[in-house]
Structures are given as structure tokens and as C-alpha cells.
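S.K.: Protein chains in written order, with the numbering used here: chain H, 36 to 259; chain D, 36 to 259.
Cβ coordinates follow ideal geometry from the N, Cα and C atoms, glycine included.
There are 2 protein chains.
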Amino acid sequence: MQHKKLTDYPRPSVAVDVAVLTIRDDVLQVLVVEHRLGGLALPGTFLREKEVLAGAAARALREKAGLSDVAFTQLHVFDALDRDERGWVLSVGHSAALAANRIPADALLIPIVDGAPAERLLFDHNGIARLAVEALQSHYGRILDPANLAGDVITVRQLRRVYEAVYGRALMKDTFRRIVTPHLTSTGETGNDFGRPAELFRKTAGSVLPPSAWATFSAGRPSL
Amino acid sequence: MQHKKLTDYPRPSVAVDVAVLTIRDDVLQVLVVEHRLGGLALPGTFLREKEVLAGAAARALREKAGLSDVAFTQLHVFDALDRDERGWVLSVGHSAALAANRIPADALLIPIVDGAPAERLLFDHNGIARLAVEALQSHYGRILDPANLAGDVITVRQLRRVYEAVYGRALMKDTFRRIVTPHLTSTGETGNDFGRPAELFRKTAGSVLPPSAWATFSAGRPSL
DNA sequence: CAAATAGTGTCTTTTAGACAGTATCGC
DNA sequence: GCGATACTGTCTAAAAGACACTATTTG
């Protein structure tokens, strides 16, 4: 073969960074770690020999944040030549979402305000976190609580609070209930935060919401 | 610093592949090229020293398909270890959309059927093309003909045909007109294909469609 | 004239949005 | 009882879907 061999091509280092989103105090938050260069950053690592991106992402979360068994979505490759002063590094941004009870108590969480982290992170990690929030909103608009942020047995109110945190805006009580109830099955039990006890439901696994649901949740914001 | 240097990490080859979509004969099509390994593939190339992904994508289109001045969107990284038998290669899939008159006459086009190419492509390129179609649909649901597939001066019918090609389904005449007309300005002229001449319009640049528009266009298909 | 398409009007159905009213708890 | 929340029902307004009717061209 008269073509170059693969090894003749220059090859960049490839990093993986993961924006782990969760809900604490009814607010969407992103998990960050102290970076050895000083400052806050998303947990990340370099890709190892013949390692798959999802593997590297899982390893980064295990080593840097003490998390395991996390599901990811790949978001975007950040490839600015000057994004890392140490050299030519591509970073593949990932997104994950976990219920608060799966996050270690000592983890650093930065609140999401207006779709972006409230603090400055290193590198282009603010951008990765923003994309992660958009991806989460998009996912939640199509499937009912796909990351199970609300938990298994819930009231409609609890579920709505999760959606309000994800979309960063108040949702209407009645409309939300109408959208959601067809995908819930009552357990017969009732639970209670305050006031009249609410019916407890279990979500129908992987419920697909109508296309209008996303429009309703993100109304007033034609962007994304 | 007691850490490894960047060059100590193993590094994969990085390829870039681009799914160029266009509309020919009222059907969405994807541009492919003959691959030297035999078979059809998306135009692609390997990333060069300190080259940016968009640069490599532009170069691939120029060298392999004779296209220039094309706007891309990055889609996804394909990282299966066995996706290229020549070695460890990550491929960053990209998407672009161009009006038919910007595509060379001798280009190979494969029709898109049910959101995927009608023929088998090499590697995981069918998957890249599928993602490209989804991205195009999503983009067209938010902005009015953002890739200008319809052309500058158009009738409502021509614009609808473009949308029907993008979504692969018939759209309703009246509803489509209602969604679209607020974002069109009449040129005063009329043109005609057949029958009564239609009013010619110019699109308001970068018109943002209401969130419900996407729901309407993709009705009946809650997936994506 | 017929055939074909453009454009307008309107009716129905659906549904988001809003609100009122009743129910059931803790205190 | 009071405060708070859960649920149900209903009204309105807006928008999608559907259809009819008129208008204007080609052949």
C-alpha cells in the first residue's frame, strides 16, 4: 500500500471530562473537583492505550470523584489548540446525571444558574457544563425522568420539583400533572411532605413523552 | 512536577468524517465517495499536526469532494476499538447541509430513507449519517431553513418541499403556511411552477421558530 | 373550457393556561 | 378551626387539523 501508515500521522492527546449533574436543595448542580493546577474543574482524565471513551470517563469519576456505575452521554469535542497550555489536547466532554443520594457527601457542587455554572471553572469546562445542562433538558423533555433524579416512588409534586430544577423555571401545576400522569402508576400508598398526603406513584420505565411536552417545559425559551 | 508528561500517554489517531446532506429530486441525500479500501464512505481524513477538527473537515471536503466554504456541526465521536482494522482510530463525525446547486454534478449521492442512508457505507458511517439527519431535523425545527437549502427567493411551496424532504414526511399545507409566513417578507414579485403564480418571499435571516414548530414537523415520531 | 396550484376563510378538536372548588392531612 | 397541600372539574384562548371556497395561471 502506497499510503502512509497510521503511525505516520501525528496524534493528539485525548482527554475526557465529565459534567455530573445532580439536584440539591431543589437546584441543579454540577460536581467539580480541585485541579492540581489550582482551581476548580470537572473530573477528567487522559485516554489510555486502547481505552474506550466511556471507559476513561468511568475511570475519571471513580478516581477523582468516588463514583461508580454511572451512565454517560457524549457531548462534544473541544479542540481549540490553546485550550491546554501543556500541549495539544482534545477534550471529549461528557454528561451524566445522578440522584443526590448517590453523590458522596463531601463532593463539591456548584449551582447551575441560567443554564451555566455559577462559578468559573478551568479550561473550557464551563462550556461543557452548559452543554450538559442543555442535553439533560432535551432528554427530560422526551423521556420521563430518564436519569431517575426523582427516585422510584414519588409524588407528582416531587417529580415536578425535579423538572423545575432541570429547566430552571417554575412549571404549572395543572399542566404538568396532565402531561405526567398517563406515565405513572399508583402504588396505592400515600406519602406526605405537608398538607394533604399525596398519592405515591411509580414511573412507567422509559416513558416517551409527546413532542409537545418539551415545548411546554421550555416555553418562552425558543433557544437551545 | 511529578506527573507524567503529555507525551507519555498513548495517543490515538483521530479521523474526521463529514456527512454532507443535500436535497435532490425532493429527497434528502447524503454525499459519499469511493473509498480506497473499496466501497462507499463519507468523505473524511486524518487530523494533521495541530490542526483543528473543523479545519480537517474542510480539507476533507475540499480534497475528496471538491467542496469549499461549507459550515459544519460536530456530531459525535465514534471510538469502538475495532471500528477500523488498520488500528486505533477515533472518528469525529460531522454534519453539513448544502443546496443542490453547490454540489458538483458528478458527486455520488445516496438517498436517505427513514432517516438513514439507503445503502451500506463503510465503517460506522451509516450511523454518522443518521445522526446528521437527526441534527438537521432538530436544527430546521428551531430555525427557518438555516442551511438555506431552499434558496434565497422562494415560494411557500418550495420551502415546504424542503421541509418535507428534511423530515421525510408530508406536512400540512395550511399549518405549514401559518408557521412560516410570519418569518417571510414578500418581494412583490410572483413566480410559478405551475398553476396560479405564487408570491415570492425572502426569509428573515435566522428566524427563530416557536418550540411548537418542531413538535408539529416531527409529529407522530416522539423519538430522536 | 379543464387541470393545477395559490391563497383565504372557517369550523372542529385538542390542549395549554387559568382558576375555582372540594378533600385531607398537621397543628 | 387554620394553613397548607392534593386532587378534580370547568372555562377560555390558542393552535393544529381538516376542509371548502375563490383566484389565477397554463394548456
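If you follow the alpha helix (DSSP H) that D:THR210 is part of, which residue opens it and which one closes it?
M.R.: Run containing D:THR210: 208 to 215, per the alpha helix (DSSP H) assignment.
S.K.: To the nearest angstrom, how far is the alpha carbon of H:GLY73 from that of D:ASP60?
M.R.: 57 Å
S.K.: Using a 10 Å radius around the Cβ and a threshold of 16 neighbouring Cβ atoms, would you call D:ASP52 buried or exposed?
M.R.: buried
S.K.: Assuming the contact rule is C-beta atoms closer than 8 Å, H:LEU125 and H:PRO47 should be a hit. Round their C-beta distance to whole Å, please.
M.R.: 5 Å
S.K.: For H:GLN193, write down the residues that DSSP places opposite it in a beta bridge.
M.R.: Answer is none; H:GLN193 lacks a bridge partner.
S.K.: So D:LEU332 contacts chain H; which residues on that side make the cut at Cβ distance below 7 Å?
M.R.: No answer is possible for residue 332 of chain D: it lies beyond the span of chain D, which begins at 36 and ends at 259.
S.K.: Would you kindly report the start and end of the unbroken alpha helix (DSSP H) that includes D:HIS111?
M.R.: Element bounds for D:HIS111: not the alpha helix (DSSP H) but the beta strand (DSSP E), 108 to 113.
S.K.: Determine which residues share a DSSP beta bridge with H:PRO152 and list them.
M.R.: H:ILE147
S.K.: Can you pull the chain H residues whose beta carbon is under 7 Å from the beta carbon of D:GLU84, in chain order?
M.R.: PRO45
S.K.: Mind listing the chain D neighbours of H:HIS70? Cutoff is C-beta to C-beta under 9 Å, in chain order.
M.R.: Correct list: empty, because the minimum Cβ distance to chain D is about 12 Å.
S.K.: Looking at C-beta atoms only, is the number of pairs between the stretch 139 to 155 of chain H and the stretch 67 to 82 of chain H that lie closer than 8 Å three or more?
M.R.: yes
S.K.: Could you give the distance in angstroms between the alpha-carbon of D:ASN136 and the alpha-carbon of H:GLY101?
M.R.: About 54 Å.
S.K.: Could you work out which residues of chain D lie near H:VAL112, taking near to mean beta carbons separated by less than 7 Å?
M.R.: LEU88, GLN109, VAL112 and VAL127
S.K.: Among residues of its own chain, excluding the 5 on either side of H:LEU133, which ones have a beta-carbon nearer than 8 Å to its beta-carbon?
M.R.: VAL55, LEU56, THR57, LEU102, VAL105, ALA182 and LEU184
S.K.: Identify whether D:LEU96 lies in helix, strand or coil by the three-state DSSP scheme.
M.R.: helix
S.K.: Which residues does DSSP pair with D:HIS174 in a beta bridge?
M.R.: DSSP lists no partner for D:HIS174.
S.K.: What residue from D:ASP159, D:ILE214, D:GLU199 and D:LEU219 has the CA that sits closest to D:HIS111's CA?
M.R.: Selected option, being the one with the closest Cα: D:ASP159.
S.K.: Considering only DSSP beta bridges, list what H:GLU86 is partnered with.
M.R.: Note: H:GLU86 sits in no beta bridge, so no partner.
S.K.: Whose C-beta lies closer than 8 Å to the C-beta of H:ASN227 among residues of the same chain, with five residues either side of it excluded?
M.R.: ALA233
S.K.: Should the stretch 159 to 175 of chain D be called in touch with the stretch 238 to 256 of chain H, which here means at least 3 C-beta pairs below 8 Å?
M.R.: no
S.K.: Mapping the DSSP letters down to three states, classify H:ALA250 as helix, strand or coil.
M.R.: helix
S.K.: Could you compute how far the alpha carbon of H:TRP249 sits from the alpha carbon of D:THR220?
M.R.: Looking at the two C-alpha atoms, the distance is approximately 29 Å.
S.K.: With hydrogens ignored, establish whether the beta-carbon of D:PHE211 is closer than 7 Å to any heavy atom of the ligand HEM.
M.R.: The ligand HEM is not among the ligands present in this structure, which contains no ligands whatsoever.
S.K.: Which one of H:PHE252, H:ARG155, H:VAL168 and H:TYR175 has the shortest CA to CA distance from H:LYS208?
M.R.: H:PHE252
S.K.: In terms of alpha-carbon separation, which member of H:VAL188, H:ARG195, H:GLU86 and H:ALA91 lies closest to H:LYS286?
M.R.: For chain H, the structure presents residues 36 to 259; residue 286 of chain H sits outside this window and is missing.
S.K.: Report all residues from its chain with a CB closer than 7 Å to the CB of H:ALA254; omit the five preceding and five following residues, and keep chain order.
M.R.: none
S.K.: In three-state terms, what does DSSP make of H:GLU69?
M.R.: strand
S.K.: Could you work out which residue in D:ASP114, D:LEU77 and D:LEU171 is closest to H:ARG83 when comparing CA atoms only?
M.R.: D:ASP114
S.K.: Looking at chain D, is there any beta carbon in it that lies within less than 8 Å of the beta carbon of H:SER247?
M.R.: yes
S.K.: Select from D:ALA91, D:PRO139 and D:ALA200 the residue whose C-alpha is nearest the C-alpha of D:VAL168.
M.R.: D:ALA200
S.K.: Cβ of H:ARG212 within 8 Å of Cβ of H:VAL191?
M.R.: yes
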